[in-house]
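Report on the structure given below.
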Amino acid sequence: MSSVASSAARWFSRVVWVGIVANLALAIPTLFMSARLLEMSNLPVTNPLLWTQFSAVLLILLSAFYVPAALDPLRYTLVAWLSVFARLAGVLFFVLFQAREYHMLGYFDLVFFVPEAALLFAATRAAGVPPRRS
C-alpha cells in the first residue's frame, strides 16, 4: 500500500472516530434529558418525547456501524462508503427537508461528510481498491 493510501486511510479513521464520539456526545444526553436538550438547542419540544429518545437510540446504533470503517477503511471499503453516504443522507434530510431550526443538525453531518468523502476517495484511489460489482 502506498504512503498516500495509508495516510489518507489513517486520517479517514481519525475523522470517523471523532464523528462517532460527537454522535455519542449528542445522543447519550438526548436519550436521558430530551426535553432539556431540545430547549437548550432552541428546538421545538416533541410530544411525546419517545420519538426524540428513539432518534438518540438510532444515532447510537448508527455510530456502532461506523466502527468497522474507522478500524480499517480499506478492508471494509463498502462499510466505509456507507458511513460517508449516511453522513450525506443526514445533511440532505435536515437541510433540504426540514424546517430552518433543524438545519444545524444537517450542518453537523456536513462537518464530517466533506473530509470523510475526500479522505476515503483519496485512500481507495491510491490503494487501487476496485469498485465492488454485484
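Okay, so the sequence shown: first residue is 4 according to my numbering, each after it adds one. Even glycine gets a Cβ: it sits at the ideal position worked out from N, Cα and C. All values reported here derive from a predicted model rather than from experimental measurement.
Please return the same chain residues whose Cβ sits closer than 7 angstroms to the Cβ of residue i, not counting the five positions on each side in sequence.
i, result
"Arg90", "Asp112, Phe115, Phe116, Glu119"
"Pro76", "Ala12, Phe15, Ser16, Ala83, Leu123, Ala126"
"Ser37", "Leu52, Thr55, Gln56"
"Tyr79", "Pro71, Ala72"
"Val94", "Gly109, Asp112, Leu113, Phe116"
"Val18", "Phe115, Pro118, Glu119, Leu122"
"Val98", "His106, Gly109"
Where does residue i land, buried or exposed, given buried means 16+ other C-beta within 10 angstroms?
i, result
"Ala8", "buried"
"Val87", "buried"
Near residue i, which residues of its chain fall below 8 angstroms by C-beta distance, leaving aside the five closest residues on each side in sequence?
i, result
"Ser137", "Low local confidence applies: a pLDDT of 45 at Ser137 is under 50, so the model's placement there is unreliable, and no value is given."
"Glu104", "Asn45, Leu46, Pro47"
"Phe96", "Gly109"
Assuming contact is defined by CB atoms lying nearer than 8 angstroms, are residue i and residue j in contact in what I supplied?
i, j, result
"Leu29", "Leu53", "no"
"Ser5", "Ala121", "no"
Nearest-angstrom Cα distance between residue i and residue j?
i, j, result
"Leu3", "Phe68", "As displayed, the chain neither begins before 4 nor continues past 137, which places residue 3 out of reach and without an answer."
"Leu85", "Gly131", "19 angstroms"
"Val24", "Leu34", "15 angstroms"
"Asn50", "Arg39", "13 angstroms"
"Ser58", "Ala92", "15 angstroms"
"Gly22", "Leu74", "13 angstroms"
"Ser10", "Trp20", "15 angstroms"
"Pro32", "Val60", "11 angstroms"
"Met107", "Gln101", "10 angstroms"
"Leu81", "Met43", "37 angstroms"
Kindly list the residues whose CB is nearer than 6 angstroms to the CB of residue i, restricted to its own chain and excluding five residues on each side of it in sequence; keep chain order.
i, result
"Asn26", "Leu62, Ser66"
Any beta carbon of chain B sitting closer than 8 angstroms to that of residue i?
i, result
"Ala11", "Among the chains in the structure shown there is no chain B, since it carries only a single protein chain."
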